[in-house]
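Participant:
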Amino acid sequence: MKFIVSNNCIKVFSKAVVTGARLADELFFDATDDGLTIQAINKDKTVSYSIFFARNFFAQYEPECVQCKLSSKVL
1 MKFIVSNNCI KVFSKAVVTG ARLADELFFD ATDDGLTIQA INKDKTVSYS
51 IFFARNFFAQ YEPECVQCKL SSKVL
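Everything in the sequence shown is counted per the working numbering, starting at 1 for the first residue and increasing by one.
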């Protein structure tokens, strides 16, 4: 998966990532042809978070229909 966030959208994207990281220990990124979904669920499974960015949100978007996981502890 490869995507580029333009300067005028980076603040929105970074706030979405930080919000998910505050709620859970891991963030899941799911890239499809339609766009990118960021999901998080806390370890007690009492809070879930999901936000979708359509492909036209990005300056460049090349999905490979993959799902990856990022530890929010690095954020």
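Glycine included, each C-beta is placed from N, C-alpha and C at the ideal position. Quick caveat: nothing in here was measured; it's all calculated off a predicted structure.
Which parts of the segment 36 to 67 are runs of the beta strand (DSSP E), unbroken and 3 residues or longer, counting only runs that do not cross its ends?
Facilitator: Fully enclosed beta strand (DSSP E) runs of 3 or longer: 48 to 54, 60 to 62.
Participant: Considering only C-alpha positions, which residue in the set K45, P63, V66, F58 is nearest to S14?
Facilitator: Checking every option, the nearest Cα to that of S14 belongs to F58.
Participant: Would you identify the three-state DSSP class for A16, choosing helix, strand or coil?
Facilitator: Looking at A16 - three-state DSSP - the assignment turns out to be helix.
Participant: So which of A16, A21, Y61 has the shortest CA-CA distance to I4?
Facilitator: Comparing Cα-Cα distances from I4 to each of A16, A21, Y61, the minimum goes to Y61.
Participant: Among the candidates I41, F28, Y49, whose CA atom is the shortest distance from the CA of C68?
Facilitator: Ranking I41, F28, Y49 by Cα distance to C68 puts F28 first.
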